[in-house]
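Below: one structure, written as structure tokens.
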Amino acid sequence: MGEQTTKTRAGWIDIAKVLGLVIVLMNHAELSAGGVNYFGGMFYVPVFFVLAGYTFRLRPGESFSAFAKKKAKRLLLPYVGYNAFFFLFFFVKDQLLGGQPLREAGVSLLGILYSRSYLYAGETAGQTVLMRILNGPTWFLTGLFTALLVFWLLMTWAKGSRKKLLAGMAVCLCAAWGFSFLPVLLPWSLDTLWFHMVLLGAGVLLRETDLIEKLYGCPWKIVLCGLIFFLVSALSGSGNLSVRSYGNHMLCYLAAALLGSVLAMLLAKWIENTFRQAGALIAFAGSHTMAVLCLHLFVFMLISGGYGVLGIDGSRNLWKLWEILGAFVLLVPFYRWRLLPREKGDWQKTVCGLLLLVLVLWSLPLVGKGIDVRDTGSYLTKYRYIFDPSVKVNELHYFLGELAGGIIYALTPVRKVLALNVASSLVYVAAALLTAYVLQKVLPRVLALACALTGSFYGITWIRTLNWNAWTVLFLSAGLALLLAGLQKNSQKWLAAAGFVLAINTYFRMPNMLFLALMAVVFWKTLLDEWKHVGAAEENALAMPDNVASAHRVINHVPDGTVSAEKTGEVKIRALFRPRIWWEALKSCRGFFLGAVAGAAVGLLLALIFLGPDTVLHNLSVLTSVGAGENAENTHSITTGIYLFLLGMRDGALLWLRLGCLLAVVWAVVAGASEVWKRVRGESSKEAMEKPSLAIYFTAGIACFFGLSEGLRENILSAHIWVAFGVILLGTIGTFLYAKKDTLRSCLCASAVIIEGLLTIGTDTGVNYYRVYMALPLGVLLFLLLSWGRSNACGQSSGCGEFDKHGHGSDRGYIQFNEDRLNDAHDHGQDRVDGQPGGYGQFNGNRHGQPRNLCIQRFACGFCQILAVFTFVFVTTAGVRYAATHVYHDAPNGELTATIDHPMYEDIYTSPARAASLNRLMEELAPYKEQKLLQIGCFNIGCVLTDMKPFYDSSWPDLEYLPMSEFKEQLENALADGQAPVLLLGTVEESGMNWSPSRYAMIKELGESSAYRTLYVDELYTIYVPVEE
């Protein structure tokens, strides 16, 4: 009976699963559809068990352990994966960000382990909910798993006998009736598995008797089954297997469940035969229903949240129907991408899918956190007036970003700030995906995505509203991806596109302008390629007769000379200084250069159109100033940027020295103890060198713990300077180290060094600014440390510590030594191993020199990998802590519980004190809406919350975009003409920063003069209004 081995799968089986799942989603979405909810509830869960029995087959020779392992992979592994996602997401959302007690997280964890939605049987009031994090539907996976294991035993005992199967089903039904009297639900559905086994057995009998095919050909029998189904359903009453509710009568509920399942299967078969195209589409969805079952409540939450943002009444059936369709549309393709492993090696796709999901979704609960009165106020002022010709906001120094923000601001009727925050997150996510694409050239996919995710923790969290930082990262990531693609393809078109993208992005942002220095990478790549070509040609000429060598040199543009007398190394060095090499390298830059010129021309044209020549010249003077004369207070000058950069590098060097020495001492102690233990055990040097020691794993565990503690304890800037200094130092080494072996990797290292070295020049935040672009330097730093831990510089016989396309290393363990070379070193003591030049080192007359060198190299390899582990854990932990706790220029996350009375800031939460202060600001300034507002002291939100226009042609007059002479002149003229503005001064002590003390002092003195009176004083700001004559 159970020996069938048919491998074909009927499409109507998957269609029947979709029918059952649709009713599940209707009930969970609370979509009211009359009798469909009630009668569908009779079979919407039982049909899955019946179908599982219908497809159940005993495989000859398969043991119980093999069967259990197979089912655990298909059911338990997804259960663990999905619940891990739910737990981490809601732990960050509720405990870390929402301030809920940890006890709630403990209950959720208990629910995952217990695998029951509720503690008590039945749907009674006062139920104890265990699975509280939208993971309730996942109980089905463990319930099916336990039922299948016990059912396998029953089928093995029955040995194909239908009578024994029926007897076993009868015993199971009696056991289900006995367990129904328990007041509490047992873990993993151990109390209802007996009822589940009856359903599984019924599915087997349906297949063996071919009942579905027989009924399908007899319409009157189908009608009779339908009438009986409606009758027993009415007698049974509503049931729910998840809480062990069998309605009014267990037997009636069983009959209704079986008849309803049979009718659903018949309907599915009719759909498959009648609507072939639609049936095939539904069957495809039915073959990927696990993601829909487990994640549909989460999708419902996201869609209903979107309804709230758009002001849609999601309680109507029409919108609930869209939630159901959205669950299938979003989750079926998601599962099709093999989120869950089904074949050997698919674990990487599983992890990548989860990382991608977290990357896209982690910031959504945070987009409504915090009201920044400084930077964000400035951005919103520019977005508000970008299309208003009467207001000239002259710091449009990044046109594309300002234009995009202005369009979003204009098109969004309400919740403008929320829309801009979501847009910012999406831009950062796009940049992170581009960076992950670049990093996949040198790192495994999982690690590349992990670096992109870690980088997003820093960038998205810093300033949530869409601004030039987000666009800078996006254009830089796109430009770098195009640049590396052009170098790999040797395509001038791709290089021109890279130059254009990077140049159009510059406008008047000094770091963006400096990124055009990436053209040096193009020059470097061609220089290396030409050097190899000419050097190889001269080497070949050494082994040729004079007449052939002369012709060879002519063909390869090699000058005549006494090359036959030169050594190989000298030939290569001399080839580097050939003029032709440098000329070819310069010619290769033409594509990038022309693209950059075109991009810069477009940017300059836009600047002249929107700003005018005077403003363009002034912005250029500010960016190129050295902090003297009128620009003495200029914190965005080149000298200021270089000074802050050097300070950061000094702190980075000290941090690497302190933490690196500590890790080296720990590794030396553990490795030394391990070697002593191996000697005590009598292992030979060959065995000790050949197999990886547990010392590396033990020390890596210590490094992981150390990185975790440092990430939770250290200032967030420590992670910035650790990565920045590390990638600049090691990236420079890698640029030259890979110059001969892999020019593309050398170019990637050079790109990372250039970007990290220039990123902060022209900003006033120093190492703070590194947080906008952490993914690429972190990935390159990990690549260098991991590859050097596997490279021939550390004792590997060949290769550069490369990873294959699946991300696996090219060796066994963390280092692999060549046995023959090691044996030769011990047996013969030869000066060079295998006679190869540049081997592991010479003995210099010391028989033990080779093992000593190998020990040193092995120590260096292990230390590189320990540094990699520490770096990733340290930076990721600091990033998670930063993302979970930081709110830009507002109170901590747990205190953001209030909103302000402004449609633009709807669903944006701040502290109650700030909400009251801003509401009072709008109230006080309402009578002065016809006057202009002069804001200073890092307080730029006045023109956002009111209809008052900015007094200056600047949304942030504190900064240097407005010359001091113009600042004074415009104010004096307004006072002389009787057009005195309202003054709004931010409390400098509260903000902690003030870019222009002289301007602040001037405006404060004016406000306290006889021409003004104090209107209102707050802890956050002070308002001065002109005295009426």
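Letter by letter, the sequence shown follows residues 8 to 1036 in the numbering used here.
For each residue, glycine too, the CB sits at the ideal point set by N, CA and C.
Report the partner residues of residue i according to the DSSP bridge assignment.
{"i": "valine 191", "result": "Tyr127"}
{"i": "serine 252", "result": "Asn247"}
{"i": "isoleucine 943", "result": "Leu992"}
{"i": "threonine 917", "result": "Ala905"}
{"i": "lysine 376", "result": "Tyr916"}
{"i": "proline 957", "result": "Leu940"}
{"i": "valine 136", "result": "Tyr125"}
Taking Cβ to Cβ, would you say residue i is nearer than 7 angstroms to residue j?
{"i": "alanine 933", "j": "alanine 922", "result": "no"}
{"i": "threonine 442", "j": "leucine 755", "result": "no"}
{"i": "cysteine 458", "j": "leucine 440", "result": "no"}
{"i": "arginine 381", "j": "asparagine 947", "result": "yes"}
{"i": "isoleucine 723", "j": "tyrosine 889", "result": "yes"}
{"i": "leucine 192", "j": "arginine 251", "result": "yes"}
{"i": "lysine 939", "j": "proline 988", "result": "yes"}
{"i": "glycine 408", "j": "isoleucine 393", "result": "no"}
{"i": "valine 25", "j": "glycine 293", "result": "yes"}
{"i": "leucine 521", "j": "isoleucine 768", "result": "yes"}
{"i": "alanine 488", "j": "glycine 598", "result": "no"}
{"i": "leucine 82", "j": "leucine 148", "result": "yes"}
{"i": "tyrosine 253", "j": "valine 480", "result": "no"}
{"i": "cysteine 232", "j": "leucine 266", "result": "yes"}
{"i": "leucine 788", "j": "glycine 733", "result": "yes"}
{"i": "leucine 751", "j": "glutamine 499", "result": "no"}
{"i": "tyrosine 89", "j": "leucine 213", "result": "no"}
Excluding five sequence neighbours on each side, which residues of the same chain lie with their C-beta closer than 6 angstroms to the C-beta of residue i?
{"i": "aspartate 834", "result": "Residue placement at aspartate 834 is poorly supported in this model, since its pLDDT is 41, which falls under 50; the coordinates are not used for a value here."}
{"i": "tyrosine 51", "result": "Gly27, Ile30, Val31"}
{"i": "aspartate 1025", "result": "Ser924"}
{"i": "asparagine 851", "result": "Reliability of the predicted coordinates at asparagine 851 is poor, the pLDDT of 39 falling under 50, and no value is obtained from them."}
{"i": "serine 998", "result": "With a pLDDT of 46 at serine 998, under the threshold of 50, the modelled position of that residue is not reliable, and no figure is offered here."}
{"i": "alanine 607", "result": "Ala510"}
{"i": "glycine 714", "result": "Phe877, Val880, Phe881"}
Please determine, among the options, the residue with the shortest C-alpha to C-alpha distance to residue i.
{"i": "isoleucine 761", "options": "Ala527, Val449, Thr472, Tyr86", "result": "Ala527"}
{"i": "leucine 332", "options": "Gly315, Asp320, Ile310", "result": "Ile310"}
{"i": "aspartate 1017", "options": "Pro1033, Leu1027, Arg1006", "result": "Per the sequence shown, the amino acid found at residue 1017 is serine instead of aspartate. The candidate whose alpha carbon is nearest that of serine 1017 is Pro1033."}
{"i": "glutamine 942", "options": "Thr419, Cys259, Phe958", "result": "Phe958"}
{"i": "leucine 38", "options": "Leu116, Leu593, Gly321", "result": "Gly321"}
{"i": "glycine 659", "options": "Ile740, Leu719, Gly679, Tyr777", "result": "Tyr777"}
{"i": "leucine 368", "options": "Phe92, Leu300, Leu612", "result": "Phe92"}
{"i": "glycine 246", "options": "Phe202, Gly208, Leu212, Cys225", "result": "Phe202"}
{"i": "asparagine 324", "options": "Leu978, Ala40, Pro420", "result": "Ala40"}
{"i": "leucine 207", "options": "Gly313, Gly233, Ala264", "result": "Ala264"}
{"i": "valine 157", "options": "Lys78, Ser187, Ser753, Ser115", "result": "Lys78"}
{"i": "serine 268", "options": "Asn142, Leu653, Leu654, Ala23", "result": "Ala23"}
{"i": "isoleucine 467", "options": "Glu591, Ser240, Trp538, Val887", "result": "Val887"}
{"i": "aspartate 749", "options": "Ser1003, Leu302, Phe97, Asp536", "result": "Asp536"}
{"i": "threonine 153", "options": "Ile219, Phe56, Ala112, Gly118", "result": "Phe56"}
{"i": "serine 249", "options": "Gly48, His893, Asn90", "result": "Gly48"}
{"i": "phenylalanine 97", "options": "Ser124, Leu373, Ile728, Ser918", "result": "Leu373"}
Excluding the 5 residues preceding and the 5 following residue i in the sequence, name in chain order all residues of the same chain whose CB lies nearer than 8 angstroms to its CB.
{"i": "alanine 707", "result": "Gln872, Ile873, Val876"}
{"i": "glycine 68", "result": "none"}
{"i": "histidine 35", "result": "Pro144, His303, Leu304, Phe307"}
Suppose the cutoff is 7 angstroms on Cβ atoms and the five residues either side in sequence are ignored; what does the same chain contact list for residue i look like?
{"i": "isoleucine 915", "result": "Gly375, Ile378, Val424, Leu425, Thr906"}
{"i": "leucine 763", "result": "Before going on, a small fix: residue 763 reads as glutamate here, not leucine. Taken in chain order, the residues that qualify are Ala731, Val734, Ile735, Pro784."}
{"i": "serine 385", "result": "Asn947, Ser962, Trp963"}
{"i": "serine 484", "result": "Ala438, Leu441, Thr442"}
{"i": "histidine 256", "result": "Leu242, Ser243"}
For residue i, verify whether its CB is less than 6 angstroms away from any heavy atom of the ligand MG.
{"i": "alanine 759", "result": "Because no ligand of any kind appears in the structure shown, any question about the ligand MG cannot be addressed here."}
Mind pulling the beta strand (DSSP E) runs of 3 or more residues that sit fully within the segment 142-230? As far as the segment 142-230 is concerned, it has no whole beta strand (DSSP E) run of at least 3 residues.
What are the start and end residues of each continuous alpha helix (DSSP H) run of 4 or more residues lying completely inside the segment 963-1035, in chain order? Fully enclosed alpha helix (DSSP H) runs of no fewer than 4 residues occupy 971-983, 995-998, 1004-1014 of the segment 963-1035, in order along the chain.
Every unbroken alpha helix (DSSP H) within the segment 866-911, with a cutoff of 4 residues, ordered by chain: With a minimum length of 4 residues, no continuous alpha helix (DSSP H) run stays inside the segment 866-911.
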